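To start, the structure under review is shown below, and the notes come after it.
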Ligand SMILES: Cc1cc2nc3c(=O)[nH]c(=O)nc-3n(C[C@H](O)[C@H](O)[C@H](O)COP(=O)(O)OP(=O)(O)OC[C@H]3O[C@@H](n4cnc5c(N)ncnc54)[C@H](O)[C@@H]3O)c2cc1C
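In this note's numbering, the protein residues as written are 326 to 704.
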């Protein structure tokens with residue numbers, strides 16, 4: 326990736342301004358139709374390139390959008406979340422970077438599906454849900470802010486027809502010059518407003534100022550927002566304090582796709598290594614046990630979707646417990662893979678090392694294990 330990506334300036338998406346040119350929604354090869362096809366064609370052959378060289382899996386994301394992977398949870402009041410989790414898990418078993426980009430896109434779709442601003446949904450949801458318009462979410466800081474961990478990073482001042490927003494989000498993924506992301510700013514009047522930001526808007530600058538141990542292909546940028554005009558038409562929620570409790574469970578539940586995928590991928594790699602497996606039968610965790618725990622998490626997630634808009638703290642804590650169990654499973658599974666592989670799993674560039682580094686991300690992305698345990702301790 327380039328060290329510095331300064332976004333070109335374009336008008337934010339509106340009903341009257343034509344949307345920027347978009348990449349094709351589907352890969353040219355018409356035989357690539359299912360999530361499995363996309364993994365085989367655009368993820369598995371590139372996984373080292375994504376990990377080592379920071380290749381952004383754009384063809385995979387466009388293909389996944391065309392295959393319907395981002396549309397499960399549209400208009401179904403949460404009932405489609407298990408489908409989104411299942412597709413993300415299928416991809417995550419091969420490449421967590423791509424699965425995380427899927428989560429970013431799924432979260433964006435979730436915001437657009439749930440927003441009370443139906444005009445904005447009518448304008449932007451379909452393109453996001455089909456992968457024609459890519460984007461992500463800058464909600465780590467707001468989520469930590471709602472937990473009293475840190476103040477909101479973005480501040481907004483009321484102006485005619487919208488808001489002038491300033492601040493910096495340290496890391497937002499799945500971005501690019503014409504990508505979108507949702508985030509929240511504090512108003513001078515003491516409110517919290519959630520809005521859709523366009524990376525192409527004047528005053529938005531993306532910089533790549535970090536080198537991560539994994540997830541390098543996720544187009545993760547530091548986002549500087551300097552006096553950016555956010556028109557009222559792009560406001561997702563005038564009052565984020567009441568909106569977020571209704572969407573936060575879906576935000577977290579979707580992340581289970583990453584954890585389940587990471588765990589199943591480690592189990593599959595253990596099984597594929599027949600001689601190593603034979604020597605590792607006394608390790609405390611087996612591939613079968615990993616798969617059983619992953620299936621159990623998937624069932625719990627499916628049950629939780631029936632109350633995913635419940636704004637109560639109790640319902641959220643239940644989902645955080647589920648997310649915590651998922652994080653531990655991803656960590657334990659990748660650790661067990663490393664233990665099975667022994668010195669072979671300690672060689673630079675090996676698959677077990679990639680999977681261990683990727684699984685650690687599941688545990689530190691918001692809500693991280695330390696964030697969740699703080700919330701649960703305050704119960
Ligand atoms: C590769 C990558 C991609 C990312 N992509 C995105 C993205 O797309 N969108 C996004 O919004 N974010 C993204 N992030 C940010 C990520 O979700 C986390 O917020 C980030 O990793 C820092 O989280 P942290 O828990 O380590 O907090 P820290 O940065 O360690 O902490 C922030 C502040 O809160 C304090 N703090 C943290 N936890 C506690 C606690 N439990 N109790 C008291 N104080 C505490 C710390 O002291 C510090 O002052 C990404 C991060 C990485 C590494």
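Just so it is clear, CB atoms sit at the ideal spot from N, CA and C, and this is done for glycine as well. A quick note: this is a predicted structure, and the numbers were derived from the prediction, not measured.
Using C-beta distances below 7 Å, list every residue in its chain close to residue i, excluding the 5 sequence neighbours before and after it, in chain order.
i           : result
residue 419 : 364, 368, 369, 372, 590
residue 583 : 413, 417, 421, 424, 425, 428, 687
residue 563 : 518
residue 592 : 612, 615, 616, 658
residue 475 : 466, 469
residue 559 : 337, 445, 520, 521
So, is residue i buried or exposed, given that buried needs 16 or more other C-beta atoms within 10 angstroms?
i           : result
residue 515 : exposed
residue 436 : buried
residue 687 : buried
residue 565 : buried
residue 442 : buried
residue 604 : exposed
residue 465 : buried
residue 356 : exposed
residue 672 : exposed
residue 485 : exposed
residue 544 : buried
residue 541 : buried
residue 447 : exposed
residue 691 : buried
residue 382 : buried
residue 586 : buried
residue 689 : exposed
residue 684 : buried
residue 431 : buried
residue 354 : exposed
residue 525 : buried
residue 378 : exposed
According to DSSP, what are the bridge partners of residue i?
i           : result
residue 490 : 481, 553
residue 630 : The partner list for residue 630 (beta bridge, DSSP) is empty, contrary to what the question assumes.
residue 546 : 497
residue 523 : 505
residue 518 : 510
residue 461 : 506
residue 562 : 519
residue 529 : 550
Could you work out which residue in the options is closest to residue i when comparing CA atoms only?
i           : options            : result
residue 501 : 447, 531, 403, 487 : 531
residue 619 : 380, 678, 414      : 414
residue 487 : 478, 557, 545, 397 : 557
residue 508 : 483, 470, 485      : 470
residue 513 : 477, 504, 534      : 477
residue 700 : 638, 400, 533      : 638
residue 698 : 644, 674, 682, 657 : 644
residue 535 : 495, 382, 672      : 495
residue 696 : 624, 674, 467, 379 : 467
residue 599 : 577, 409, 665, 544 : 665
residue 522 : 655, 553, 400      : 553
residue 358 : 403, 393, 472      : 393
residue 654 : 452, 675, 681, 409 : 681
residue 520 : 533, 473, 546, 491 : 491
residue 402 : 449, 574, 499, 533 : 574
residue 400 : 546, 588, 450      : 450
residue 632 : 387, 404, 395, 588 : 404
Assuming residue i and residue j form a contact by the criterion Cβ under 8 Å, report the distance between their Cβ atoms to the nearest whole angstrom.
i           : j           : result
residue 360 : residue 412 : 5 Å
residue 510 : residue 497 : Going by Cβ atoms, the distance from residue 510 to residue 497 rounds to 14 Å, so no, they are not a contact pair.
residue 578 : residue 630 : 7 Å
residue 389 : residue 398 : Actually they are not in contact, since the Cβ atoms of residue 389 and residue 398 sit about 14 Å apart, beyond 8 Å.
residue 440 : residue 561 : 4 Å
residue 555 : residue 493 : Contact doesn't hold; Cβ gap of about 16 Å is too wide.
residue 610 : residue 661 : 4 Å
residue 626 : residue 647 : 6 Å
residue 581 : residue 410 : 5 Å
Apart from the five residues on each side of it in sequence, which residues of its chain come closer than 6 Å, Cβ to Cβ, to residue i?
i           : result
residue 679 : 376
residue 347 : With a pLDDT of only 33 at residue 347, under the threshold of 50, the placement of this residue in the model should not be trusted; the figure read from the coordinates follows. Result list for residue 347: 457, in chain order.
residue 670 : 663, 677
residue 571 : 634, 636
residue 385 : 363, 367, 368, 423
residue 482 : 489, 513
residue 460 : 433, 504, 505, 506
residue 537 : none
residue 649 : 697
residue 528 : 551, 552, 553
residue 694 : 652, 688
Could you name the residues of the same chain whose beta carbon sits closer than 8 Å to that of residue i, not counting the 5 residues immediately before and after it, in chain order?
i           : result
residue 596 : 602, 612
residue 642 : 700, 701, 704
residue 380 : 371, 374, 542
residue 675 : 666, 669
Please check if any C-beta of chain B sits within less than 8 Å of the C-beta of residue i.
i           : result
residue 539 : Among the protein chains of the structure shown there is no chain B, as only one such chain exists.
message: If you measure from each CB to the nearest heavy atom of ligand 2 and keep those under 7 Å, what residues do you get, in chain order?
response: The model on display carries ligand 1 but not ligand 2.
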